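Q: The structure that follows is given in the form of C-alpha cells.
In this note's numbering, the protein residues as written are 1492 to 1657.
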C-alpha cells in the first residue's frame, strides 16, 4: 500500500519453463521448450476487497528451442518489454479451491519488443470463472477465456494457444 490510500505498488519477478507445441496444417511438427524470466512493477488501485485495477511495465528475456522435432527449426530468443493494464474482480470464496463465486480478469498489453516479432503489437485477454455448490459435497464450475492481437502478428512466444492442461 502507498500510505493510508487505496493505491498500491506491486513489484514482481518470475521465471518459468513450459512446453509449447508447434503445428503446421493440423499436424504437430515440434515441441519447443520455452524459458522466460522477467521483472515488472505495477501501480494499482483497490476499489474494495474484491476489485482492483493496475498498470505497469515489464522487461524480460525469453528463449525457445526445439525439444522434440527437427533440430533445424529456428530457435527464438531475445528481450521482451511491455506496458499493461489489468482489471480484476474476485468474488470467489477461496483462491485455491473455490466452491462459489465469480472471478473475472481483463488484461491489455502493448509489447514494444518480443522475440520473433517484426514490430510492436497490442494484445487483450479476458478470463472468467464461476463456481456454484452442488449439494453438500459437490461443486459445478465453468471457465472461459478469449484473447486477441487485433490483427497484428505477435512473436511465436506470445501467440494465444487453445486448450488447457493435457
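Where a beta carbon is used, it is the ideal one built from N, C-alpha and C, also for glycine.
Quantities reported herein were computed from a predicted structural model and do not represent experimental measurements.
CB residue 1595 to CB residue 1619, shorter than 8 Å?
A: Against the chain shown, residue 1595 aligns to sequence position 104. Against the chain shown, residue 1619 aligns to sequence position 128. Yes, they are a contact pair.
Q: When you compare each of 1559, 1612 and 1588 to residue 1602 by their alpha carbons, which one comes out closest?
A: Here residue 1602 refers to the residue found at position 111 of the chain shown. Ranking 1559, 1612 and 1588 by Cα distance to residue 1602 puts 1612 first.
Q: Buried or exposed: residue 1600, going by 16 or more other Cβ atoms within 10 Å of its Cβ?
A: Within the chain shown, the letter at position 109 stands for residue 1600. Looking at its Cβ environment, which holds 16 or more other Cβ atoms inside 10 Å, residue 1600 is buried.
Q: Quick check: is the beta carbon of residue 1510 nearer than 8 Å to any beta carbon in chain C?
A: Checking the listed chains, one finds no chain C in this structure; it contains a single protein chain.
Q: Could you check how far apart the C-beta atoms of residue 1505 and residue 1529 are, in whole angstroms? I think they sit under 8 Å.
A: In the chain shown, counting from the first residue as 1, residue 1505 sits at position 14. In the chain shown, counting from the first residue as 1, residue 1529 sits at position 38. That pair is a contact at about 6 Å.
Q: Let's test the definition: count the other Cβ atoms within 10 Å of the Cβ of residue 1492 and tell me whether it reaches 16, buried, or not, exposed.
A: Reading the chain shown from its first residue, position 1 is the one you call residue 1492. Classification of residue 1492: exposed, given that the 10 Å Cβ count is below 16.
Q: Please name the residue or residues paired with residue 1620 in a DSSP beta bridge.
A: Numbered from 1 along the chain shown, position 129 holds the residue referred to as residue 1620. Its beta-bridge partners are 1594 and 1634.
Q: In the DSSP output, what is residue 1533 paired with across the bridge?
A: Locating residue 1533 in the chain shown gives position 42, counting from the first residue. Beta-bridge pairing links residue 1533 to 1501 and 1547.
Q: CB-CB under 8 Å to residue 1615, same chain, minus the five flanking residues each way: which ones, in chain order?
A: On the chain shown, residue 1615 is found 124 positions in, with the first residue counted as 1. For residue 1615, where only same-chain residues beyond five positions count, the Cβ hits under 8 Å are 1597, 1598, 1599, 1600, 1638, 1639 and 1641.
Q: Is residue 1604 helix, strand or coil by DSSP?
A: The sequence position of residue 1604 within the chain shown is 113, counting from 1. Residue state, collapsed to three classes: strand.
Q: Which of helix, strand or coil does DSSP assign to residue 1492?
A: For this step, residue 1492 is matched to residue 1 along the chain shown. Reduced to three states, the DSSP call for residue 1492 is coil.
Q: Just tell me which of 1648, 1651 and 1589 has its CA closest to the CA of residue 1623.
A: Numbered from its first residue, the chain shown carries residue 1623 at position 132. Among 1648, 1651 and 1589, the Cα nearest to that of residue 1623 belongs to 1589.
Q: Helix, strand or coil: how does DSSP classify residue 1647 here?
A: Locating residue 1647 in the chain shown gives position 156, where the first residue counts as 1. Looking at residue 1647 - three-state DSSP - the assignment turns out to be helix.
Q: How big is the Cα-Cα spacing for residue 1566 and residue 1547?
A: Sequence index remark: in the chain shown, residue 1566 carries index 75 (1-based). Sequence index remark: in the chain shown, residue 1547 carries index 56 (1-based). Roughly 29 Å separates the two Cα atoms.
Q: Could you please give me the residues that DSSP links to residue 1661 through a beta bridge?
A: In the structure as shown, the chain starts at 1492 and stops at 1657, and residue 1661 therefore has no counterpart that could be examined.
Q: May I ask which residues mark the beginning and end of the beta strand (DSSP E) holding residue 1667?
A: No statement about residue 1667 is possible, as the shown extent of the chain runs from 1492 to 1657 and does not include it.
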